[in-house]
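Asker: Have a look at the structure that comes next, please.
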Amino acid sequence: MSSKAFDETFTRHALASYAKQLTLADTIDGAGAWDLNLQNGTLSFAGGPTFQVGLLGSYGAQAGSWLWAWANTSTELPPEVLAAAKRMRDIGQGRKIPELLEAETPAAEPFCHQLAMVAVGETGAGCYYRAPYDGGAAYLVIRDGLQRTPEHHLLGRVQRVVAESISTFEIPAQRAAIEAYFKAEGFPVEETEEGEITASVEDGDLRVRFGPEGRITEMKSLLRAATQPSGGFFNRLFRKD
4 MSSKAFDETF TRHALASYAK QLTLADTIDG AGAWDLNLQN GTLSFAGGPT FQVGLLGSYG
64 AQAGSWLWAW ANTSTELPPE VLAAAKRMRD IGQGRKIPEL LEAETPAAEP FCHQLAMVAV
124 GETGAGCYYR APYDGGAAYL VIRDGLQRTP EHHLLGRVQR VVAESISTFE IPAQRAAIEA
184 YFKAEGFPVE ETEEGEITAS VEDGDLRVRF GPEGRITEMK SLLRAATQPS GGFFNRLFRK
244 D
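Rendered as structure tokens:
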């Protein structure tokens, strides 16, 4: 069971970090195999991009535990590769979050994803990447900012971020998590009625209703009507000559 301090931190970053993971999926879509060079701090995809990365830690399947990179004495890595992991340790000390302080933590692997999502939010990383190997996986923060795709702030993508995040991870304070995501993305939000908030995104509004415990009971997309022809076929329909 995770600490209250960790749960609150994860709640604050969960959805915004998940949105970044979808951007990563868009960015490497169609690319080939990956290659990791920790001494150079690079993660490369065949036929795709190369990223500057930092090592957060690793998951050992046999031991069923997470090991922070700053606690791994078996390898010597450049300071910039360890910077994000050490930053998380400093945050753990300052806010008394035990999960960020313990060198090795028994955990199921989904918890490693949560740690990585917190790290993305706290360090301002572009996203994270799980690099599997025999017997486990390395978790990397991608230090480069990623170019957002055109649909990043469209209703379909925003609703997907909300729906997939809360179904993938246990987030008891769902309202707090969603409001933190809307704030991080800069969406105007208003409480349209008691227990309901509405966020204005690029092409419409996302209306979310919550029960007494702050969990979602309903989510509805309201597309905004176009105010003028968008070009092409419609321009030909409305030509005056």
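With the numbering used here applied, the sequence shown corresponds to residues 4 to 244, in that order.
Think of the CB as a built atom: it goes at the ideal place given N, C-alpha and C, for glycine as much as any other residue.
By DSSP, does A28 sit in helix, in strand, or in coil?
Answerer: Helix, per DSSP.
Asker: Using the Cβ count rule (16 or more neighbours within 10 Å means buried), how would you classify Y131?
Answerer: Counting Cβ neighbours within 10 Å, Y131 comes out buried, since at least 16 surround it.
Asker: Go to M222, then tell me how far its beta strand (DSSP E) extends in each direction, as first and last residue.
Answerer: It spans I219 to L226 - the beta strand (DSSP E) in which M222 sits, taken as one unbroken run.
Asker: With a floor of 4 residues, list each alpha helix (DSSP H) that falls wholly inside the segment 48-111, ordered by position along the chain.
Answerer: Segments of the alpha helix (DSSP H) lying fully in the segment 48-111: 82-98.
Asker: Measuring alpha carbon to alpha carbon, tell me which residue in V204, S170, E216 and V56 is nearest L225.
Answerer: That would be V204, whose Cα lies nearest to the Cα of L225.
Asker: Touching or not, the segment 11-26 and the segment 114-131, by the rule of three or more beta carbon pairs under 8 Å?
Answerer: The segment 11-26 vs the segment 114-131: in contact.
Asker: Taking the alpha carbon of T245 as the reference point, which residue from A202, I145, A183 and H116 has its own alpha carbon closest?
Answerer: Residue 245 lies beyond the residue range present for the chain, which begins at 4 and ends at 244; the question has no answer from this structure.
Asker: Taking the straight line between their C-alpha atoms, what separation do you get for R282 and M91?
Answerer: This structure does not reach residue 282, given that the chain is present from 4 up to 244, and the question cannot be answered.
Asker: Report the three-state DSSP secondary structure of R242 (helix, strand or coil).
Answerer: Low local confidence applies: a pLDDT of 43 at R242 is under 50, so the model's placement there is unreliable, with the coordinate-based value given in what follows. Coil.
Asker: Within 10 angstroms of the Cβ of G247, are there 16 or more other Cβ atoms? Answer buried if so, exposed if not.
Answerer: Any answer about residue 247 is impossible in this case: the structure gives the chain only from 4 up to 244.
Asker: Pick helix, strand or coil for L149, following the three-state DSSP scheme.
Answerer: Correct three-state label for L149: coil.
Asker: Helix, strand or coil, according to DSSP, for L46 in the structure here?
Answerer: Note: L46 maps to strand in three-state DSSP.
Asker: Grouping DSSP H, G and I as helix and E and B as strand, with all else coil, what is F237?
Answerer: Interpretation of F237 is limited by its pLDDT of 36, a score under 50 that renders its predicted location unreliable; the figure taken from the coordinates is listed afterwards. Note: F237 maps to helix in three-state DSSP.
Asker: Mapping DSSP to helix, strand and coil, what is D10?
Answerer: D10 falls in the helix class under three-state DSSP.
Asker: Given a cut-off of 7 Å, decide if W71 and G60 are closer than it, judged by their beta-carbon atoms.
Answerer: Their beta carbons are under 7 Å apart, which means G60 touches W71 by this criterion.
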